[in-house]
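Quick notes on the structure that follows.
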Amino acid sequence: MLQPTQAKSSNQEDRLLQAIQALKEHQFKSVRAAALSYDVPRRTLSNRMNGMTSRRDSTSNLQKLTPYEESALVQINWTTTFIKRRTEIKAKFSWKYDYKRAKCEDPKIIKGWFSLVRNTVAKYGILEQDIYNFNEAGFAMGVIATAKLEFLSAFKEAFKAAFTEQNIKSGFRATGLVP
Numbered sequence: 615m616l617q618p619t620q621a622k623s624s625n626q627e628d629r630l631l632q633a634i635q636a637l638k639e640h641q642f643k644s645v646r647a648a649a650l651s652y653d654v655p656r657r658t659l660s661n662r663m664n665g666m667t668s669r670r671d672s673t674s675n676l677q678k679l680t681p682y683e684e685s686a687l688v689q690i691n692w693t694t695t696f697i698k699r700r701t702e703i704k705a706k707f708s709w710k711y712d713y714k715r716a717k718c719e720d721p722k723i724i725k726g727w728f729s730l731v732r733n734t735v736a737k738y739g740i741l742e743q744d745i746y747n748f749n750e751a752g753f754a755m756g757v758i759a760t761a762k763l764e765f766l767s768a769f770k771e772a773f774k775a776a777f778t779e780q781n782i783k784s785g786f787r788a789t790g791l792v793p
């Protein structure tokens with residue numbers, strides 16, 4: 615529903631168009647007579663007769679594009695044509711992902727692997743300082759050369775600080791795998 619001011623404006627616009635049509639058909643001798651007859655402002659009618667457009671129909675000075683440019687820019691498939699025109703924007707497809715690897719990234723399997731490690735450490739009484747070179751293949755046990763003991767003790771402290779359940783879970787969350 616139109617607001618009262620919009621209805622009044624629309625009504626005046628209709629009367630202006632009728633007055634312009636009447637003037638073109640020479641029904642009135644002057645713009646002043648047509649303005650009085652159709653109850654529209656004389657100056658507005660005169661401006662319209664001289665080719666000026668209404669404020670509603672004219673584009674704002676603040677608009678960057680003309681209505682024609684806007685209609686040319688935004689069409690049905692404008693995104694597709696925009697991407698084709700811009701060489702720096704490209705659609706990328708992901709590489710084929712190994713099914714076996716994807717199957718192993720199941721959170722249940724990962725949780726099971728960590729519980730298996732926990733159970734193995736508890737079952738065989740393995741000390742934390744004896745766990746290093748740790749990966750999915752297993753871990754090495756025992757003491758190596760004395761020159762490397764400093765590294766191992768520092769590694770043990772770093773391992774304890776970093777290898778927490780919270781860090782492990784946040785790592786999985788970062789990759790999209792939430793255990």
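Numbering (our numbering), first residue to last: 615 to 793.
Here a beta-carbon is modelled for each residue, glycine too, at the ideal position from N, C-alpha and C.
- I703 carries a coil assignment under DSSP once its states are collapsed to helix, strand and coil.
- R646 sits away from R657, with the two beta carbons spaced by 7 Å or more.
- R715 sits exposed, since fewer than 16 C-beta atoms from the chains shown fall within 10 Å of its C-beta.
- Taken atom to atom, the span from the alpha-carbon of F728 to that of K783 is near 12 Å.
- With a threshold of 16 other beta carbon atoms within 10 Å, Y738 falls short and is exposed.
- For F777, no alpha helix (DSSP H) segment is defined, and its DSSP state is neither H nor E.
- In this structure, the alpha-carbon of L679 lies about 10 Å from that of A686.
- R787 sits in a helix when the DSSP states are folded into three classes.
- In this structure I724 is in contact with F786, their Cβ atoms being roughly 7 Å apart against a cut-off of 8 Å.
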